[in-house]
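Once you know that position 58 of the sequence shown is 128 in our numbering, the rest is easy, because the numbers rise by one and skip nothing.
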Amino acid sequence: MWNSFGNIRFSEQTHMEWITKTLIITHNPVDPVEKVETGSGVFVNPIMQNYYNELSMQVENFLTEALKSWSKLKSLI
């Protein structure tokens, strides 16, 4: 594969870092997606935590189904 998902992850991380540097630090608003200091994927805001959990499950299911489809297509070649 072309590491598309890795590129998206890197792009989003770059975007969030830019937002942090330019908007949050400069204007000091309340951060609605503030993360707990235990690492990635853990949020203070319960709504954001639910979104993260739901989207993570969708991505896991998508990747599994994509690999199954790829395997099936590969077996036909």
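All C-beta atoms, glycine included, are put in the ideal place defined by N, C-alpha and C.
Test item: CB-CB of residue i and residue j under 8 angstroms
i	j	result
Gly111	Tyr121	no
Delimiting residues of the alpha helix (DSSP H) encompassing residue i
i	result
Thr92	Segment: none, Thr92 is in no alpha helix (DSSP H) and carries neither H nor E.
Asn131	116-146
Sequence-distant residues of the same chain with beta carbon closer than 6 angstroms to residue i, five excluded per side
i	result
Thr134	none
Contacts around residue i, its chain only, beta-carbon distance under 8 angstroms, and the 5 residues preceding and following it disregarded
i	result
Ser126	Gly111
Thr96	none
Residue i: CB within 7 angstroms of a non-hydrogen atom of the ligand ZN
i	result
Phe80	For the ligand ZN, the structure offers nothing, since it holds no ligand at all.
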